[in-house]
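Asker: In terms of the working numbering, the sequence shown opens at residue 49 and continues consecutively.
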Amino acid sequence: MKRSTVLLFLMLFVGIITANEQQVMGEIIHLQVRYYDPTLEHEPLKSAPVRIPTIMINDHTLQFQTSLDGCEISLLDADGEPVYISMIPNGATSILLPNYLSGDYIIQITRGRLCFWGYIYL
Numbered sequence: 049m050k051r052s053t054v055l056l057f058l059m060l061f062v063g064i065i066t067a068n069e070q071q072v073m074g075e076i077i078h079l080q081v082r083y084y085d086p087t088l089e090h091e092p093l094k095s096a097p098v099r100i101p102t103i104m105i106n107d108h109t110l111q112f113q114t115s116l117d118g119c120e121i122s123l124l125d126a127d128g129e130p131v132y133i134s135m136i137p138n139g140a141t142s143i144l145l146p147n148y149l150s151g152d153y154i155i156q157i158t159r160g161r162l163c164f165w166g167y168i169y170l
């Protein structure tokens, strides 16, 4: 009985993962996380892991699978200079980046003192 319950649970779990992967439109941006605000470094760090948001890019459209309400999004050039900064509106599931942007950029999404960052090519 125990084995059949575990087997049923695993089949259901794999089905959910497959369904979520099929909803992805575009290329997934692999993000890293770091602390952003150096003035808050002396606070104790929480032991719970940070959930990194899932973001896809399709041409100049960024699509979010998790809520990023009120987060700041920045694109930095090779020198680390910001070329695009915007706030993500509440309830937004995607953002259209300006067409004049092309090339390699570092994307940063700031939520409180956490900064999620990765590399994108437009």
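Cβ atoms here follow ideal geometry from the backbone N, Cα and C, with glycine treated the same way.
Please report the distance separating the alpha-carbon of Q113 from that of L149.
Answerer: Along the sequence shown, read from residue 1 onward, the residue named residue 113 stands at position 65. Along the sequence shown, read from residue 1 onward, the residue named residue 149 stands at position 101. Approximately 23 angstroms between the Cα atoms of the pair.
Asker: With a cut-off of 8 angstroms on the beta carbons, I'd call I105 and I136 a contact; round off their distance for me.
Answerer: Within the sequence shown, the letter at position 57 stands for residue 105. Within the sequence shown, the letter at position 88 stands for residue 136. Between I136 and I105 the Cβ distance is about 15 angstroms, and since that is not below 8 angstroms, they are no contact.
Asker: Relative to the C-alpha of I168, which residue among D125, I133, D117 is closest?
Answerer: Residue 168 sits at position 120 when you count from the first residue of the sequence shown. It is D125 whose Cα lies nearest to the Cα of I168.
Asker: Does the distance from the CB of L145 to the CB of L123 come in under 9 angstroms?
Answerer: Here residue 145 refers to the residue found at position 97 of the sequence shown. Here residue 123 refers to the residue found at position 75 of the sequence shown. In this structure, L123 lies closer than 9 angstroms to L145 by Cβ.
Asker: Could you name the residues that DSSP lists as bridge partners for Y132?
Answerer: Locating residue 132 in the sequence shown gives position 84, where the first residue counts as 1. Y132 pairs with L123.
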